[in-house]
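**Student:**
Protein chains: 4
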Amino acid sequence: MAALPRHPFEAVGDDKLREECGVFGVIGTSEAANFVALGLHALQHRGQEAGGIVTHHAEQGFNSVRRFGYIRDSFTKQSVMDQLPGDVAIGHVRYSTAGSKGNTQIRDVQPFFGEFSMGGAAIAHNGNITNADALRRELIERGSIFQSSSDSECIVHLMARSLQRDIPERMKDALRRVEGAFSVVAMTRTKLIGVRDPLGVRPLVLGKVGDGYALSSETCALDIIGAELIREIEPGEMVVISDEGVTSYFPFDRAKGRFCIFEHVYFSRPDSIIGGRSVYETRRAIGVELAREAPVDADLVIPIPDSGTPAAVGFAAESGLPFALGITRNQYMGRTFIEPTEQIRNMGVRLKLNVNRALVEGRRVILVDDSVVRGTTSRKIKEMVLDAGAAEVHFRIASPPTSWPCFYGVDTPERSKLLAATMSEEEMRLYLGVDSLRFISLDGLYRAVGEENGRNAERPQYCDACFSGDYPVRPSDMMARGFELKAAE
Amino acid sequence: MAALPRHPFEAVGDDKLREECGVFGVIGTSEAANFVALGLHALQHRGQEAGGIVTHHAEQGFNSVRRFGYIRDSFTKQSVMDQLPGDVAIGHVRYSTAGSKGNTQIRDVQPFFGEFSMGGAAIAHNGNITNADALRRELIERGSIFQSSSDSECIVHLMARSLQRDIPERMKDALRRVEGAFSVVAMTRTKLIGVRDPLGVRPLVLGKVGDGYALSSETCALDIIGAELIREIEPGEMVVISDEGVTSYFPFDRAKGRFCIFEHVYFSRPDSIIGGRSVYETRRAIGVELAREAPVDADLVIPIPDSGTPAAVGFAAESGLPFALGITRNQYMGRTFIEPTEQIRNMGVRLKLNVNRALVEGRRVILVDDSVVRGTTSRKIKEMVLDAGAAEVHFRIASPPTSWPCFYGVDTPERSKLLAATMSEEEMRLYLGVDSLRFISLDGLYRAVGEENGRNAERPQYCDACFSGDYPVRPSDMMARGFELKAAE
Amino acid sequence: MAALPRHPFEAVGDDKLREECGVFGVIGTSEAANFVALGLHALQHRGQEAGGIVTHHAEQGFNSVRRFGYIRDSFTKQSVMDQLPGDVAIGHVRYSTAGSKGNTQIRDVQPFFGEFSMGGAAIAHNGNITNADALRRELIERGSIFQSSSDSECIVHLMARSLQRDIPERMKDALRRVEGAFSVVAMTRTKLIGVRDPLGVRPLVLGKVGDGYALSSETCALDIIGAELIREIEPGEMVVISDEGVTSYFPFDRAKGRFCIFEHVYFSRPDSIIGGRSVYETRRAIGVELAREAPVDADLVIPIPDSGTPAAVGFAAESGLPFALGITRNQYMGRTFIEPTEQIRNMGVRLKLNVNRALVEGRRVILVDDSVVRGTTSRKIKEMVLDAGAAEVHFRIASPPTSWPCFYGVDTPERSKLLAATMSEEEMRLYLGVDSLRFISLDGLYRAVGEENGRNAERPQYCDACFSGDYPVRPSDMMARGFELKAAE
Amino acid sequence: MAALPRHPFEAVGDDKLREECGVFGVIGTSEAANFVALGLHALQHRGQEAGGIVTHHAEQGFNSVRRFGYIRDSFTKQSVMDQLPGDVAIGHVRYSTAGSKGNTQIRDVQPFFGEFSMGGAAIAHNGNITNADALRRELIERGSIFQSSSDSECIVHLMARSLQRDIPERMKDALRRVEGAFSVVAMTRTKLIGVRDPLGVRPLVLGKVGDGYALSSETCALDIIGAELIREIEPGEMVVISDEGVTSYFPFDRAKGRFCIFEHVYFSRPDSIIGGRSVYETRRAIGVELAREAPVDADLVIPIPDSGTPAAVGFAAESGLPFALGITRNQYMGRTFIEPTEQIRNMGVRLKLNVNRALVEGRRVILVDDSVVRGTTSRKIKEMVLDAGAAEVHFRIASPPTSWPCFYGVDTPERSKLLAATMSEEEMRLYLGVDSLRFISLDGLYRAVGEENGRNAERPQYCDACFSGDYPVRPSDMMARGFELKAAE
């Protein structure tokens, strides 16, 4: 219904794939809501549009607050946190999905809550249900009333109609009907539940905090509450945590996991740990690999802040060229800035970034960025660097060309808007107007993330659909709307 | 009167000297208010508490908006900017001064406006008037009504009582009565005026934008509006800019300038240019000098984000040790975070910073920071680094020990709260609990900022009172309140 | 979940039964949302807690806005009304029900919307479903997910599960399962629907506006949009209005209507017309009847503002005593006023009412009020009148003693809080501390509303349960919670 | 500077002269701010645009809060009232003055505060300084800096420049320079001061509350805090209240008072007491007088709510015709209502008033109103009454024709907008389109307010400039702007 306006600056100045969501849950602590608020604050990079927390208190029952905006702006007020008593809690931060066209309503904000005959349950997930359209149609036909446009609500209705007599069993019933990529956290009055989809596309980790437990999209959110990382939830695993500890189930047909490789490239925070290695270290290794694959004679390696920095550090170290923070990010940048005239409208990126003129002047500059999506921001940065007097500009990109949309919970432009879907590398170089442009190869990326032999083309170790067009889960709703898979080669 | 509450997080998590203000002015462009808003946004690091803009429009006269909070939150709204028509404008961002005890009222927010018999004028300044108490008493005695607690209002009342018949002359009259450090921007219906105090303690630069001119605390704010740097205003200079161009006056007794050396260390943005060199480059040079003065055998050089980064890059390059972003700053940090329990209260810094555990574990770490004021944050960061498993922690500080308060427009704790005022370097090391602690020498700092022979003890080239206790302008109000100058040695 | 705080002043200063709701709908006009906003504004006396409007637009589909507070505070903003395009609309104003304990959530605010396989429908009602608990339990058992605590949501779920293929038929199915008092307005993409329960306890009228139609709880809301009253919807009638005009159905077993007699006494606005006579005139007639039944020798007839005024006018005219506005209501009274000390807390009513001291002093005063519920306010007003120097105080009440709670959509205190449920008339007089206290008789009230022979004890013409304890619809949920009907006499 | 938008509804629906201000002060009670807030709430009818309170606390000094909007919306919040400690307080409610063109800034909101060499003082007044322009010019010339456009600020600057050594003496000095109508309340750290202008045009009364004292524009504000009326402050009197009690001064040349007669007609609240008689009673007497002067054969006397009611009661009683509340005011009317189409724009008055159709139909109706200013609302009400089926409409107005603007603190349209300034009584009748129109005579009004012999044309007992054009204080600023006095006859 009523639309939340898109912020003009985001449209202009930002050219990244956006992770839709982060999830966090905790059980067995009197600080449940505070811990979830802190955890979501640490996961804020995964979704800035809205957040929600549900708690359960033995006497006051279930409680819920959902708000637009940053966690720090709502879930730091005494008046809000007082509404969230209890010792079990889950929470969610969201970025608007491609499907919602930016028209998010507060009722679309997770977690979702359902009252079943055996008691209530709340649920939140990171990812996307690829057959949600079909499920929704079927459920409405049978008399379910949907209150939101969110695909998560399908899970709640499927649970409501299950004949099982306890909530974890109803959740298994429901999730077996669902296709897609999903890391779920859920809660009942006495249990915290975590589930990853059969391929484990989206992340979910388990931690211990005091006598309680936490579930989180990333380890950086365990750090903020002083929780200790126990392990990653496995692909296809469901854990049910209660007073009696953690019980593990595998309700789906077993499959080899295919974790999202873009979590390594951009989504996850550099201080999170994936597969035992820090994401920062992995990104530095990508820079090293990129310097080997695509060296260039230049004076200075400059990262595009902030996401290009670790790869730029690696590139500089491997190439022996000096590293410099030649582009400064304005840390007070908000989401909007008025743009009343053509003159100012064209400044877009300048509000956020400034080139260090005295450093760049007369130098041959290598700019390292994590990815190129539409190419709009890259063009503007190149112009700023040239305006500041650079002699040459070379782009080095720490991921392969992004040429396919993601349907697994990432906000991607439609395929025709992806620069790499419509241009060759040389065409992109000309479009960006730079002296050279190189992307890391897909095999190089696999090596950098730790696969010594690169990508196994028969059974790829990761989900890399955005680079390869190889979709491990059939995007059936999108195909019904006309999306065409890559032709078999 | 009514107090604005101090933000609990600031008290806990931040241990920096704070610049009070940034000023920006523009004349000769129909985009006057927009340009000032953009300029202030680029100067936001100099003051985050409040901001104000005054404009003059030929038909609509003087207009003013003053607001608490960031520029981006108020001066980006069409409804606000529509109130600011005209082609001359000045603006100000402020940090609360030590003297105001955090109780800033909107009426204390600059620019100040006064209606004189020959027309109105608005004025804003960066710095501090060291004889404001005495001036205020005298003016009240004679029937002036003060509306604010700001020392800038003295200037307006002195101007109102001047017998001169034009505003620039009245301003000269007024400023000759004033002692302290001040970079002033002012405006009349048709003129933009800039003044630096006789010693030029605070910065002010002149730029050209289209057919008009701009005055700014720093060059980074010229960049954001596409203005070209012409030159720095000289110590003791007044420039009056009108349709007929720029006229320069020197209304004070001439003196050798003593620019604030801390602008190089911390206050200015790294992409600003001072004395022809980028601040980033100067800070990197401080790191190089520091590595020479105080080398240590270790595995990794890690900056305290974000201000320690350029010195850390220099330190790493000079020492040959690897550089790593081992501490991640949460970019969604706001000013407050609820802290309902002891457990969470002690986390303070964690809300803002997280140590990259996988990088630090088992390593000997050098932490590079720009300065140590009270030492509170340094202690917490050290604890976080040890918690993450570091084998050794060495602090290297890119400025000498801060042992004297600044009275020239910088928010400093009282002397007894300055760690270096009460402890020797070894006592500080023990207090911080680190394996080694070294500050750059005052001579080393002078060398890094370009004085090859270090500090001229007879006639120091900079104001370095915060390090040396050598105050170039007598802090007479503070002495009346009991402050004692350093005993002659 | 999270509670909306009760306003302290309401608790202190107001002692009325509260109507829960008003409904309004319109079809066949491009001003649909504006007309509904105006209609709800005219019905604001029926519910001040929150309001909602749903519209349907041929291209933009269904749209909904629901807000706490007065209609004039939300549904007068361009930004809100722009979200409500279309030519069919319904709306609702609500007062919090006794059952909700004041903890209303925005999701409890009507209208409710449901998406069915044949399209969407929105529904709002005034009244109460007396078997809602049982229906809800049954629906949850079968897999319905409730999103609110409102009984109206039962109707939507019953409709969702109906096997009928069009929405009016589904609504008949649903309403046949429902017990209680309800006046429903509902809408589909192309139809406006109105229904009254079989006994017609709550009001609903049909009007014509231009080429379109309107449904409203009262005629005063037709006046505000310039609509012409056609007729009252009959008890048990359903009207379906579309392009093709108005079609009437009678889906329930036929019964003799029993309209709520308290609508005449207090709920309806004096300028509304019920049964062809203005409510003002009826109330004046009650005053006349009361003067005949309970005359008293006194100097002045003073109404308790504002609801006692028409009866006081009638009383004064019939008794020949002078009428005076001896108590002034502060028209700027809001819902809250800070009460920091005992001294001020005891002033309660004074914030809202003031006695005209110069009029009252030394006089024997008759105070006319519409009803006495808990008696708290009556006591305070009596004290104020005595403080102002009145010689005698006589209360005359324009309704019989309120001794039973209403379960048909009116917010009543529990029985033990009703003064008349626990005290005889003489005990009440002593409790209130007045010289005399008289209520109109039940037969007298029937006569005043036009039943010349008074109440037909066998087949009462009205619902008068609040006075008589004779409940025309069995309050089954409340009885399951322990409420006991009046013992047979 | 920045303008506060006028509310469209006010422009459309209201046609009254507006009193600019109410003042209230209290000393000698720990509830000082609460009492002032309550007093201002009771005086809210005198000004709804903004309000302010200043207090003084022995340790926390002077405190001030000024806010737009109703008292109940700001000065009822704990967070606001906590900012106002102390045992002396004054406050002010304001309506925007004609001169300010609706562009009120918060800095224009009284009380004003000035810091003098012997301590601070705050001041607020009701009325208007008729030589404020000239005084302001003179003060600026001598170096005073004005912060507001309010004429009250002149008083503060005059006080600042006085050579007297205590504040009450400085105030005498200042007020002797001032011309106009003013009731002042002021305070120092230990004193509460009240002054009425030499003619006593605006009201001010003294009350006793506990061990302390209160000053108020009207007695109704004494009632709300339980204060006892002592007496009216006399024309030209200054009272200074401290620990030692009340001291009275007469600093001006003595003159015979000329109280504003319109306070009786409309400005004051009906429950206030002026000259020992209730305003309600006076207004009822005006109705009686009017019925004698201008009887008419009709069926029903209906007041225009709410200000016409007392006169209508008197008219009905004297004429023997029945009285009826035939026009209902919507008590939920706010200041704005969206008016998106011509159809709705023309409804203006309907949003606020509704005619009781069933009462009026076929009847000959007398409408009683307190005054006619521009006549816009009267025309619309007449149309509504005719639309509702009235057979005849007769207007009876409880004041003489308003044909001159007030320059003594009342917001009046310019003379050309006053209906009675441009039309004869018959022309007005035709313009309003009614069957008859009669105003009370000026002598009749004087009789009704208690002057048995009517108006003394030589030495009128009241200020009646708005009716007679006889201005007791020369409106010199307005004359400098071109206003012409009535030609001598």
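Chains as they are written, first to last, in full-length UniProt numbering: chain A, 1 to 489; chain B, 1 to 489; chain C, 1 to 489; chain D, 1 to 489.
Backbone N, C-alpha and C fix where the C-beta goes; we use that ideal spot for every residue, glycine too.
All values reported here derive from a predicted model rather than from experimental measurement.
Determine the closest residue to Phe116(D) out of Ser416(B), Ala291(B), Thr328(B) and Phe146(B), with distance taken between C-alpha atoms.
**Tutor:** Here residue 116(D) refers to the residue found at position 116 when the fourth sequence is read from its first residue. Nearest C-alpha to Phe116(D): Phe146(B).
**Student:** Quick one: using the 10 Å Cβ neighbour count with 16 as the cut-off for buried, is Asp243(B) buried or exposed?
**Tutor:** Here residue 243(B) is taken as the residue at index 243 of the second sequence, counted from 1. With fewer than 16 other CB atoms across the displayed protein chains lying within 10 angstroms of its CB, Asp243(B) is exposed.
**Student:** Is it buried or exposed for Asp15(C), if we count other Cβ within 10 angstroms and need 16 for buried?
**Tutor:** On the third sequence, residue 15(C) is found 15 positions in, with the first residue counted as 1. Answer is buried; the Cβ neighbour count reaches 16.
**Student:** Can you list, in chain order, the residues of its chain whose CB lies under 7 Å from that of Ala390(B), leaving out five sequence neighbours each side?
**Tutor:** Position 390 of the second sequence, counted from the start, is the residue given in the question as residue 390(B). Here the set comprises Val360, Arg363 and Val365.
**Student:** So what does DSSP say about Met118(D), is it helix, strand or coil?
**Tutor:** Residue numbering aside, residue 118(D) sits at position 118 when the fourth sequence is read from its first letter. Note: Met118(D) maps to coil in three-state DSSP.
**Student:** Mind checking Ser416(B): buried by the 16 CB within 10 Å criterion, or exposed?
**Tutor:** Translated into the one-based positions of the second sequence, residue 416(B) becomes position 416. Ser416(B) comes out exposed.
**Student:** For Ile224(C), return the contacting residues in chain D, with the cut-off set at a CB-CB distance below 9 Å.
**Tutor:** One-based indexing of the third sequence puts residue 224(C) at position 224. Within chain D, the residues near Ile224(C) are Asn330, Met347, Arg350, Leu351 and Asn354.
**Student:** Less than 9 Å between the C-beta atoms of Leu40(C) and Phe75(C), yes or no?
**Tutor:** Within the third sequence, residue 40(C) is the residue found at index 40, counting from 1. Within the third sequence, residue 75(C) is the residue found at index 75, counting from 1. Going by C-beta atoms, Leu40(C) is nearer than 9 Å to Phe75(C).
**Student:** Is there a Cβ of chain D sitting closer than 9 Å to that of Ala487(C), yes or no?
**Tutor:** Here residue 487(C) is taken as the residue at index 487 of the third sequence, counted from 1. By this cut-off, Ala487(C) is not an interface position.
**Student:** My guess is that Val88(B) and Thr130(B) are in contact by the Cβ rule of under 8 Å, so how many angstroms apart are they, rounded?
**Tutor:** Residue mapping note: residue 88(B) aligns to position 88 of the second sequence, counting from 1. Residue mapping note: residue 130(B) aligns to position 130 of the second sequence, counting from 1. Their Cβ separation, rounded to whole angstroms, is 30 Å, which puts Val88(B) and Thr130(B) out of contact at 8 Å.
**Student:** Give a yes or no on whether 9 Å exceeds the smallest Cβ distance from Glu115(B) to chain D.
**Tutor:** Locating residue 115(B) in the second sequence gives position 115, counting from the first residue. Yes, Glu115(B) counts as interfacial toward chain D.
**Student:** Could you give the DSSP three-state label for Ile338(A): helix, strand or coil?
**Tutor:** Taking the first residue of the first sequence as position 1, residue 338(A) is located at position 338. Because Ile338(A) sits at a pLDDT of 48, beneath the cut-off of 50, its placement in the model cannot be relied upon, and the following sentence gives the value as read from the coordinates. Looking at Ile338(A) - three-state DSSP - the assignment turns out to be coil, as it is neither helix nor strand.
**Student:** Does the beta carbon of Arg161(B) sit closer than 9 Å to a beta carbon anywhere in chain D?
**Tutor:** Position 161 of the second sequence holds residue 161(B). So yes, Arg161(B) belongs to the interface.
**Student:** Indicate whether at least one CB of chain C lies closer than 9 Å to the CB of Pro322(D).
**Tutor:** Counted from its first residue, the fourth sequence places residue 322(D) at position 322. It does; some Cβ of chain C falls within 9 Å.
**Student:** Can you tell me which of the three DSSP states residue 491(A) falls into?
**Tutor:** Given that chain A is displayed from residue 1 to residue 489, the structure contains no residue 491(A) and the question cannot be resolved.
**Student:** Does Met478(B) come out as helix, strand or coil in the three-state DSSP assignment?
**Tutor:** Locating residue 478(B) in the second sequence gives position 478, where the first residue counts as 1. Met478(B): helix per DSSP, three-state reduction.
**Student:** Rounded to the nearest angstrom, how far is the Cβ of Ser441(B) from that of Pro400(B), given a contact under 8 Å?
**Tutor:** In the second sequence, residue 441(B) corresponds to position 441, counting from 1. In the second sequence, residue 400(B) corresponds to position 400, counting from 1. Right, the Cβ-Cβ distance comes to about 7 Å (below 8 Å), so this counts as a contact.
**Student:** Applying the 10 Å Cβ sphere with the 16-neighbour rule, what's the burial state of Val195(D)?
**Tutor:** Sequence index remark: in the fourth sequence, residue 195(D) carries index 195 (1-based). Burial call: buried.
**Student:** Could you tell me the distance, in whole angstroms, from the CA atom of Val265(C) to the CA atom of Asp370(C)?
**Tutor:** Numbered from its first residue, the third sequence carries residue 265(C) at position 265. Numbered from its first residue, the third sequence carries residue 370(C) at position 370. The straight-line gap from Cα to Cα measures roughly 7 Å.
**Student:** By DSSP, does Asp133(C) sit in helix, in strand, or in coil?
**Tutor:** Locating residue 133(C) in the third sequence gives position 133, where the first residue counts as 1. Correct three-state label for Asp133(C): helix.
**Student:** So who's on the other strand from Leu353(B), going by DSSP bridges?
**Tutor:** For the purposes of this step, residue 353(B) is taken as the residue at position 353 of the second sequence. Answer by DSSP bridge pairing, in chain order: Arg329(B).
**Student:** Where do the ends of the alpha helix (DSSP H) carrying His41(A) lie?
**Tutor:** Here residue 41(A) is taken as the residue at index 41 of the first sequence, counted from 1. For His41(A), the enclosing alpha helix (DSSP H) starts and ends at Ala32 to Ala42.
**Student:** Based on Cα-Cα distance, which residue from Gly444(B), Ala388(B) and Arg137(B) lies nearest to Ala398(B)?
**Tutor:** Residue numbering aside, residue 398(B) sits at position 398 when the second sequence is read from its first letter. Measuring from the Cα of Ala398(B), the nearest candidate turns out to be Gly444(B).
**Student:** Please identify, using Cβ separations under 9 Å, the residues of the stretch 469-484 of chain C that lie next to chain A, in order along the chain.
**Tutor:** none
**Student:** Is the CB-CB distance between Lys172(A) and Arg459(A) below 9 Å?
**Tutor:** Your numbering for residue 172(A) matches position 172 in the first sequence. Your numbering for residue 459(A) matches position 459 in the first sequence. No, the Cβ-Cβ distance between Lys172(A) and Arg459(A) is not below 9 Å.
**Student:** With DSSP run on the structure shown, which of helix, strand or coil describes Gly102(B)?
**Tutor:** Residue numbering aside, residue 102(B) sits at position 102 when the second sequence is read from its first letter. Unreliable positioning characterises Gly102(B) in this predicted model, as indicated by a pLDDT of 48, which lies under 50. A coordinate reading is not provided.
**Student:** Whole angstroms are fine: how far does the CA of Met333(C) sit from the CA of Arg72(D)?
**Tutor:** Mapped onto the fourth sequence, residue 72(D) falls at position 72. Mapped onto the third sequence, residue 333(C) falls at position 333. When rounded, the distance between both Cα atoms is 7 Å.
**Student:** I'd like to confirm the pairing. Which residues does DSSP put opposite Met187(C) in its beta bridges?
**Tutor:** As a working mapping, residue 187(C) is identified with position 187 in the third sequence. Ala122(C) and Leu192(C), per the DSSP bridge assignment.
**Student:** Can you list, in chain order, the residues of its chain whose CB lies under 6 Å from that of Val185(C), leaving out five sequence neighbours each side?
**Tutor:** Counting from 1 along the third sequence, the entry for residue 185(C) is found at position 185. Same-chain partners within the cutoff: Val23, Gly25, Ile90, Ala124, Gly194 and Leu215.
**Student:** Rounding to the nearest angstrom, what Cα-Cα distance links Asn128(B) and Glu263(B) in this structure?
**Tutor:** In the second sequence, residue 128(B) corresponds to position 128, counting from 1. In the second sequence, residue 263(B) corresponds to position 263, counting from 1. When rounded, the distance between both Cα atoms is 16 Å.
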